[in-house]
Amino acid sequence: GGKGRALRGRDRQPEEEVIAEDYDDDHVDYEATRLENLPPNWYKVFDPICGLPYYWNMENDLVSWLSPNDPSSIITKAAKKLKNSLGSRKDEELDPMDPSAYSDAPRGTWSTGLPKRNEAKTGADTTAAGPLFQQRPYPSPGAVLRANAEASRAKQQD
């Protein structure tokens, strides 16, 4: 009956997931890129994790939620690049393009300019890039303390 069919459908899933995870170029919207007359090297990309389109400059790996032609767009370094460059900043002055330069947003993620209501609605992490995406949600401080206590108790038993 119907059970066998459900199993077959489930067998097909892993392939689809692999395709979905490989979103380097697949999500570039070439049609929109052409229609919106973007500056050289800018592409419109659909973010599969938070379900929003954003703009990506292939040349220097900059990203923006609004079209680079939009006067209110905030153009920042892609999140994966940010991690590497934070430690190597020569001076601790805030980058004028960093959202935290003109708000109390935490430094570091290029999604800080996003409206917060989207996060609440989808529950998705809007940082949308590998390591940052997996780091959350954070464990509660209580859970951390409990884990530490158990670890030290285990040591004492030896």
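Per our numbering: the sequence shown = residues 43 to 200. Cβ coordinates follow ideal geometry from the N, Cα and C atoms, glycine included.
Residues of the same chain with a CB within less than 7 Å of the CB of Ser109, apart from the 5 flanking positions on each side, are Glu78, Leu80, Tyr97 and Ser115 in chain order. For Leu94, the enclosing beta strand (DSSP E) begins and ends at Leu94 to Asn99. When C-alpha distances from Leu104 are compared across Gly93, Val87 and Glu192, the shortest belongs to Val87.
The residue among Lys119, His69, Lys197 and Ala189 with its C-alpha nearest the C-alpha of Tyr85 is His69. From the listed residues Glu101, Pro113, Asp112 and Asn111, the smallest Cα separation to Lys119 is found for Glu101. Exclusion of the five residues before and after Ala196 leaves no residue of its chain whose Cβ lies closer than 7 Å to its Cβ. In this structure, Ala74 is the residue among Ala74, Asn83, Pro113 and Asp112 with its C-alpha nearest to the C-alpha of Pro95.
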